[in-house]
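Residue numbers (our numbering): 6 to 469. For glycine and all other residues, C-beta sits at the position ideal for the given N, C-alpha and C. All remarks here apply to the structure that follows.
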Ligand code: CS2
């Protein structure tokens with residue numbers, strides 16, 4: 006078999022569609038989720054919904070995609086072997102720091118009706134505890150000082166909306182596809198916060214005419230190290246620098262809130278357009294992502310590297326089952342017709358998928374942004390009803406122990422490292438722990454007890 010790089014580079018086989026979407030963050034999750042959904046929607050129902058992708062940091066995605074006409078191979082990793090699909094709905098990749106003006110011109114184009122984002126929790130410039138703009142974050146401080154030369158996705162969106170308003174063009178719908186509780190409301194708050202500082206009339210216009218539909222997104226998509234991409238391309242016999250792989254399952258719930266109703270027929274290919282996303286989102290964030298974070302902090306400490314290895318450990322698997330049954334499911338008001346117990350049973354099978362190597366270290370990243378919606382919010386529900394939550398507390402304590410380890414990757418890393426080893430000092434960080442928790446002696450006592458148990462007995466013993 007020739008090595009993949011000796012083969013001709015993958016190429017587009019049909020003309021690119023006309024663009025109607027700009028997407029910020031062309032990483033693995035975008036290629037695994039928004040792009041396939043959008044392409045399938047266009048194949049099913051037509052429309053000019055090609056996607057112009059914008060990278061906010063570097064040219065990697067551009068260098069991977071543009072030499073192959075922005076087409077790439079998507080591999081669905083089913084337990085019984087991979088299935089292959091060619092995705093060709095991306096029409097261009099822009100690199101914001103290299104050509105900010107092109108990004109703004111593109112966003113101002115009336116043909117663009119939708120802006121989607123997968124920029125991870127830390128890309129929103131918000132305070133996780135309040136959901137409001139945090140003007141002190143470096144990117145936000147920069148974009149507030151220089152609104153015409155933005156650096157962040159929210160900054161680009163505000164500057165582009167200003168151009169659209171000046172030109173008499175309606176705003177685009179702005180759709181967050183990241184794992185934040187109330188992602189649409191957070192994005193709206195940050196954008197209005199940025200706009201209001203420089204131009205209150207612009208903020209009023211966006212508030213009156215814009216749309217920020219909430220979404221729940223779900224598909225397990227492990228990051229792809231270059232060596233892994235090369236191996237997959239080799240196995241598939243294709244020269245594709247942008248090959249992407251993911252689990253078969255996918256679920257997309259989107260609030261029915263679009264400017265002028267304009268959107269691809271995502272609902273024709275499995276997305277659900279609903280009135281209220283919140284019950285779906287709480288179930289997914291607390292059951293799936295909550296268990297992921299638990300497995301990450303406890304599983305890494307127990308010596309595991311992947312989600313599949315962690316759920317194969319009977320102690321961890323038992324811990325997660327009890328966490329769901331006793332401390333997570335009782336906090337949910339599930340969507341009509343949904344059965345959270347069956348949902349969690351299906352999660353175990355997804356986590357155990359032997360075809361996917363989902364690294365716990367990837368999930369452990371950015372804990373300061375993730376703990377709130379996944380772990381702290383169900384704790385707050387229990388506390389309000391006077392119940393203790395020893396397992397959720399154990400996850401928080403395991404995260405606190407993780408902070409002293411060598412693998413900390415977090416936008417608040419310096420602050421966290423300075424307080425690592427001191428649970429009380431960590432709980433005083435109001436950007437992570439809202440006062441309703443941090444000021445409650447019952448909450449503090451549970452965290453300290455869990456911290457002491459791990460410190461004294463190690464993680465394995467603390468699980469039983
Ligand atoms: C994971 C998520 O990295 C993480 O924090 O919990 O990326 C998770 O795989 C997705 O939300 C699944 O839809």
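Is any heavy atom of ligand 1 found at a distance shorter than 6 angstroms from the C-beta of residue i?
i, result
"residue 223", "yes"
"residue 368", "yes"
"residue 387", "no"
"residue 358", "no"
"residue 63", "no"
"residue 244", "no"
"residue 188", "no"
"residue 412", "no"
"residue 297", "yes"
"residue 139", "no"
Please report how far the alpha carbon of residue i lies from the alpha carbon of residue j, in whole angstroms.
i, j, result
"residue 468", "residue 305", "13 angstroms"
"residue 129", "residue 153", "18 angstroms"
"residue 471", "residue 215", "Residue coverage of the chain in this structure runs from 6 to 469, which leaves residue 471 outside it and unanswerable."
"residue 77", "residue 86", "19 angstroms"
"residue 75", "residue 164", "27 angstroms"
"residue 101", "residue 450", "46 angstroms"
"residue 220", "residue 22", "25 angstroms"
"residue 132", "residue 439", "10 angstroms"
"residue 69", "residue 199", "33 angstroms"
"residue 155", "residue 147", "7 angstroms"
"residue 64", "residue 433", "39 angstroms"
"residue 225", "residue 397", "22 angstroms"
"residue 180", "residue 119", "7 angstroms"
"residue 3", "residue 104", "Past the boundaries of the shown model lies residue 3; the chain is included only from 6 to 469, so the question cannot be answered."
"residue 217", "residue 379", "22 angstroms"
"residue 275", "residue 257", "8 angstroms"
"residue 12", "residue 72", "14 angstroms"
"residue 349", "residue 331", "13 angstroms"
"residue 177", "residue 402", "42 angstroms"
"residue 266", "residue 185", "24 angstroms"
Kindly identify the DSSP beta-bridge partner or partners of residue i.
i, result
"residue 29", "59 and 122"
"residue 180", "121"
"residue 259", "220 and 278"
"residue 131", "138"
"residue 77", "92"
"residue 244", "14"
"residue 82", "87"
"residue 364", "311"
"residue 24", "55"
If you follow the alpha helix (DSSP H) that residue i is part of, which residue opens it and which one closes it?
i, result
"residue 452", "446-467"
"residue 374", "372-376"
"residue 401", "395-407"
"residue 54", "Element bounds for residue 54: n/a, residue is neither H nor E."
"residue 298", "295-306"
"residue 412", "Counting along the chain, residue 412 falls outside any alpha helix (DSSP H), and DSSP gives it neither H nor E."
"residue 382", "382-389"
"residue 161", "158-171"
At which residues does the beta strand (DSSP E) containing residue i begin and terminate?
i, result
"residue 92", "86-92"
"residue 97", "95-100"
"residue 419", "Premise fails: residue 419 lies in the alpha helix (DSSP H), 418-424, not in any beta strand (DSSP E)."
"residue 250", "249-251"
Check whether the Cβ of residue i sits closer than 6 angstroms to any heavy atom of ligand 2, and report yes or no.
i, result
"residue 101", "The model on display carries ligand 1 but not ligand 2."
Exercise. Three or more C-beta pairs closer than 8 angstroms, one from the stretch 26-41 and one from the stretch 117-126: is that the case here?
Worked result: yes
Problem set entry | Touch test, the stretch 319-338 against the stretch 377-386, Cβ-Cβ under 8 angstroms, three pairs minimum | yes
Exercise. Can we say the stretch 231-241 touches the stretch 182-202, given the rule of at least three CB pairs closer than 8 angstroms?
Worked result: no
For this session: Decide if the stretch 309-323 is in contact with the stretch 356-373; the criterion is three or more beta carbon pairs, one per stretch, under 8 angstroms apart.
Result: yes
Exercise. Are three or more beta carbon pairs between the stretch 315-326 and the stretch 339-346 nearer than 8 angstroms?
Worked result: no
Exercise. Is the stretch 447-463 touching the stretch 410-423 in the sense that three or more CB pairs, one from each, lie closer than 8 angstroms?
Worked result: no
For this session: Check whether the stretch 86-97 touches the stretch 41-59, taking contact to mean three or more Cβ pairs, one atom from each stretch, closer than 8 angstroms.
Result: yes
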